[in-house]
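Read top to bottom, the protein sequences are chains A and B. At position 170 of the first sequence (counting the first as 1) the number is 1571 in the numbering used here, and the numbers step up by one without a gap. At position 340 of the second sequence (counting the first as 1) the number is 1741 in the numbering used here, and the numbers step up by one without a gap. Glycine is no exception: its CB is placed at the ideal position from the N, C-alpha and C atoms.
Protein chains: 2
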Amino acid sequence: MTGDDGRLRPAASLESVAVVGTGLIGTSVALALTALGVPVFLSDADPEQARVAASLGAGHLGPPPRPCEVAVLAVPPAHIAVAYEQAKRSRLALTFTDVASVKSNVLLEVQSHLAQDVEDFVGGHPMAGRERSGPRAARADLFLGRPWVLTPSAATSPRTLAAVRGLVRACGAVPVEMPARAHDQAVALVSHAPQVLASLMAARLAGADEPVLRLSGQGVRDVTRLAASDPQLWRDILTTNADAVAAVLREVRADLDTVLDALDPAGGSSDRALVALLEQGNRGRRRIPGKHGSAPALYAFLPVVVTDRPRELARLLADAADSGVNVEDVRIEHAQGQPLGLVELAVLPDAAPQLSQELVRRGWSVQEPDPLQPD
Amino acid sequence: MTGDDGRLRPAASLESVAVVGTGLIGTSVALALTALGVPVFLSDADPEQARVAASLGAGHLGPPPRPCEVAVLAVPPAHIAVAYEQAKRSRLALTFTDVASVKSNVLLEVQSHLAQDVEDFVGGHPMAGRERSGPRAARADLFLGRPWVLTPSAATSPRTLAAVRGLVRACGAVPVEMPARAHDQAVALVSHAPQVLASLMAARLAGADEPVLRLSGQGVRDVTRLAASDPQLWRDILTTNADAVAAVLREVRADLDTVLDALDPAGGSSDRALVALLEQGNRGRRRIPGKHGSAPALYAFLPVVVTDRPRELARLLADAADSGVNVEDVRIEHAQGQPLGLVELAVLPDAAPQLSQELVRRGWSVQEPDPLQPD
């Protein structure tokens, strides 16, 4: 379980790794590999940052005695090409990868900077967040179970890909390979466009009256959660991936026009266009994979009334566990003006009746499991 | 806790209540009041529905011996005016309320149907969902802690408002008063527009490739959760509240155009417009009230690594409870391709270090609490 992450990973066959840039991602990579016994060599444009990382047990300071198997260029996107050239020239490593969250432009810059094929480089994007927090926020388990996209180009050698793939696995992440442009389109769809829609919705709330906002339920909370993100960071991400993000948003805009048309009594489109869009939303939602990349299980959500006292939630989860049913997810509905709340336990539909019975037997007030309904 | 909801409510001073329409909402009202000892008289256009409700202990069948204090018209929106007229003519009750989720049109129809002032009627909207599931899905605790909007008109008498307010409180809900039009604009903003944005985003996923969708994280899951809702039901809600919903969506479209312009190298607007929109989203998000209608607490989310085994979640929550820190919310991050997940425990920021220490002491792998960051 905890504290023994290493046991869950394949034995690392990496000989040694150089980490250039000891921010949160670089230091987390270093900590994960050091924990496996892989020699790691740290450097940073700011030597103090590298010293902090080393003091946290992330690895050794200074250049390696001989070229490492892989160098992780965990520097800001604008510095990757230069860092790559310097690392290559100083024979820091035999293969190279970066960790930027948009990939096409990195590859272009590396290629144009070197003015040659780059068989020893493959772009990477660990989808594990927290880019800005520095070495002290680093964790050896930051990448556990997360996708880590690798974007080989036509020039990337099999040896490069194999070495970096090994590094990804050693960090506990799941390597996913696709071309750089496909990656950028993918994150535009599943990460960047959702961020924009969350911000668009939340922006409408900024000027709303207090009594209006008191009617907020879990729905608007979920839709707008991402809107709490850092504006500067997202400005950079969105403008760097502008084409791919705009392509998704233009389609959203076309659908939005259809909805507005359907809501206009003088509009040309019928209710049917509105229903079609809502149904397409049903289909899209169902396609998001569930836990562990499997097809989404259609969980039953079992609503249980709890008081808002310490220990009630733990007691509920313990009672649920004692019933022998695995709780797949937990959702807490916030009650207004009362010391009560609804906790929804997500379980496989077949298991819901058993769990319900068992909880009622133990004195819980369990409501009927129900598909998602509007307020 | 459970089973003793009545103790948490003010003693009911209601003499008797008629429930017209014994679907989920009507029957839930009846169950809540019957549990308090209030005589409830049930009727339904389908006598079998009313019999089911009575058999569940929701109240008595048939007309009351003398007019009830309140009649709850829990019938579909299109039938409210007629149900009101019939109930009034048969002296079913002294005051009347309905439970439809859009309110201006109901008031207009009631007024025009009666062709007179309606001082004995006040519109209502219990924000507790599950409208379609019938009497068997009804629960006495359906409204506990939920807002229940009342929309008095200029004609509504103080006596009517007081009686219906008493009914709402007796059901355990929190009465919130506002004009019908203000209610419709409020739910357009905090419920109907979020539904549309969730569907718009999810619709983009319907045709996406499998490897793209495997990169989905918690962000896109949250933004699209509402998109699983029933299309026919939402067609009705959105078209009935078309003006108010369209007003919000037109503002969303204007902001979306600003974003598209900022992402277009040939566009007129600068990055600054994009940052301004993201910042406005920050502000809007912060304005959503937290638990119990209070200002949103800025919780720290403490990420803990757990295996995906039964009992691990219960054990974690029990350990958290033993540490004396109240866990305000739980979020389960789904790990891909590994039998591991991240559970985020929301706690008050001051309590985070104590909880973290305590959990680490018990062998849990706790990551640094961190504000929301992009992947």
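Contacts that residue i makes with chain B (C-beta to C-beta distance below 7 angstroms)
i, result
"Ala1603 (chain A)", "Gly1682, Gly1685 and Arg1686"
"Asp1730 (chain A)", "Ile1733"
"Val1588 (chain A)", "Leu1616"
"Leu1718 (chain A)", "Leu1714, Ala1715 and Leu1718"
Contacts of residue i in chain A (Cβ-Cβ under 8 angstroms)
i, result
"Arg1651 (chain B)", "Leu1661"
"Arg1490 (chain B)", "Those do not exist, as Arg1490 (chain B) stays about 32 angstroms from chain A at its closest Cβ, beyond 8 angstroms."
"Gln1633 (chain B)", "Val1676"
"Gln1768 (chain B)", "Arg1540, Asp1542 and Leu1543"
"Arg1582 (chain B)", "Those do not exist, as Arg1582 (chain B) stays about 12 angstroms from chain A at its closest Cβ, beyond 8 angstroms."
"Val1577 (chain B)", "Pro1612, Arg1615 and Leu1616"
"Thr1640 (chain B)", "Ala1663, Leu1664, Asp1672 and Leu1675"
Limits of the alpha helix (DSSP H) - the one that residue i falls within
i, result
"Ser1592 (chain A)", "It is not in any alpha helix (DSSP H) - Ser1592 (chain A) carries neither H nor E in the DSSP assignment."
"Val1507 (chain B)", "Ser1505 to Leu1515"
"Gly1668 (chain A)", "First-last for Gly1668 (chain A): undefined, no H or E at that position."
"Pro1632 (chain A)", "Pro1632 to Thr1641"
"Thr1625 (chain A)", "Gln1619 to Thr1625"
"Ala1501 (chain A)", "Run containing Ala1501 (chain A): none; DSSP gives neither H nor E here."
"Asp1542 (chain B)", "Unbroken run through Asp1542 (chain B): none, as it is neither H nor E."
Three-state secondary structure (DSSP) of residue i
i, result
"Glu1578 (chain B)", "strand"
"Leu1493 (chain A)", "coil"
"Gln1450 (chain B)", "helix"
"Leu1746 (chain B)", "strand"
"Thr1423 (chain A)", "coil"
"Ser1766 (chain A)", "strand"
"Pro1466 (chain B)", "coil"
"Glu1532 (chain A)", "With a pLDDT of only 36 at Glu1532 (chain A), under 50, the local geometry of the prediction cannot be trusted, and the value read off the model is given with reservation. Note: Glu1532 (chain A) maps to coil in three-state DSSP."
"Gly1573 (chain B)", "coil"
"Leu1760 (chain A)", "helix"
"Val1649 (chain A)", "helix"
"Asp1720 (chain B)", "helix"
"Leu1797 (chain B)", "A question about residue 1797 (chain B) goes unanswered here, because the residues of chain B that appear run from 1402 up to 1776."
"Leu1616 (chain A)", "coil"
"Ala1555 (chain B)", "coil"
"Ala1472 (chain B)", "strand"
"Arg1732 (chain A)", "strand"
"Val1726 (chain A)", "coil"
"Val1430 (chain A)", "helix"
"Val1676 (chain B)", "helix"
"Val1418 (chain A)", "strand"
"Pro1478 (chain B)", "helix"
"Pro1690 (chain B)", "coil"
Interface residues of chain B facing residue i [CB-CB closer than 8 angstroms]
i, result
"Asp1665 (chain A)", "Ala1643 and Ala1647"
"Ala1482 (chain A)", "Per Cβ cutoff of 8 angstroms: no residues; Ala1482 (chain A) is ~21 angstroms from chain B at best."
"Thr1625 (chain A)", "Pro1595, Gly1682, Gly1685, Arg1686 and Ile1689"
"Ala1752 (chain A)", "Here the premise fails: no neighbours, minimum Cβ distance about 11 angstroms."
"Ala1501 (chain A)", "Result: empty, since nearest Cβ-Cβ is about 12 angstroms, beyond 8 angstroms."
Rounded C-alpha distance that separates residue i from residue j
i, j, result
"Val1613 (chain A)", "Val1575 (chain A)", "44 angstroms"
"Val1624 (chain A)", "Ser1617 (chain A)", "11 angstroms"
"Val1507 (chain A)", "Ala1484 (chain A)", "12 angstroms"
"Val1420 (chain A)", "Ala1446 (chain A)", "12 angstroms"
"His1693 (chain A)", "Leu1545 (chain A)", "With a pLDDT of only 43 at His1693 (chain A), under 50, the local geometry of the prediction cannot be trusted, and the value read off the model is given with reservation. Roughly 12 angstroms separates the two Cα atoms."
"Glu1532 (chain A)", "Gly1424 (chain A)", "Because Glu1532 (chain A) carries a pLDDT of 36, less than 50, the predicted location of this residue cannot be relied on, and no value is offered for it."
"Leu1657 (chain B)", "Leu1661 (chain A)", "14 angstroms"
"Gln1758 (chain A)", "Pro1527 (chain B)", "28 angstroms"
"Val1705 (chain B)", "Trp1765 (chain B)", "7 angstroms"
"Arg1452 (chain A)", "Arg1686 (chain A)", "46 angstroms"
"Ala1384 (chain B)", "Asp1644 (chain A)", "For residue 1384 (chain B) there is no data in the structure shown, the boundaries of chain B being 1402 and 1776."
Enclosing beta strand (DSSP E) for residue i [first to last residue]
i, result
"Val1705 (chain A)", "Ala1701 to Thr1708"
"Thr1777 (chain B)", "Chain B is shown only over 1402 to 1776; residue 1777 (chain B) falls outside these bounds and no answer can be derived."
"Gly1458 (chain B)", "No beta strand (DSSP E) contains Gly1458 (chain B), which DSSP labels as neither H nor E."
"Val1441 (chain A)", "Val1441 to Ser1444"
"Pro1527 (chain A)", "Phe1522 to Pro1527"
Listed by chain order, chain A residues near residue i by CB distance under 7 angstroms
i, result
"Ser1600 (chain B)", "Leu1678, Leu1679 and Gly1682"
"Asp1712 (chain B)", "Asp is not the amino acid found at residue 1712 (chain B); the sequence shown has Arg there. Correct list: Ala1722."
"Asp1656 (chain B)", "Leu1601 and Ala1604"
Chain-ordered neighbours of residue i on chain B, where CB pairs are closer than 9 angstroms
i, result
"Ala1609 (chain A)", "Ala1587, Leu1590, Val1591, Gly1685 and Arg1688"
Neighbour flag for residue i against chain D, beta carbons, 7 angstroms
i, result
"Arg1636 (chain B)", "Checking the listed chains, one finds no chain D in this structure; the protein chains it contains are A and B."
(message) Tell me whether the stretch 1495–1510 of chain B and the stretch 1520–1528 of chain B touch, counting them as touching only if at least three CB pairs, one residue from each stretch, are closer than 8 angstroms.
(response) yes
(request) Check whether the stretch 1535–1542 of chain A touches the stretch 1505–1516 of chain A, counting contact only when three or more Cβ pairs, one atom from each stretch, lie closer than 8 angstroms. (result) no
(message) Taking contact to mean 3 or more Cβ pairs, one atom from each stretch, closer than 8 angstroms, check whether the stretch 1556–1571 of chain B and the stretch 1582–1602 of chain B are in contact.
(response) no
(request) Count the C-beta pairs between the stretch 1545–1558 of chain B and the stretch 1575–1585 of chain A that are closer than 8 angstroms, then say yes if the count reaches three, no if not. (result) no
(request) Could you say if the stretch 1706–1723 of chain A and the stretch 1715–1733 of chain B meet the contact criterion of at least three C-beta pairs nearer than 8 angstroms? (result) yes
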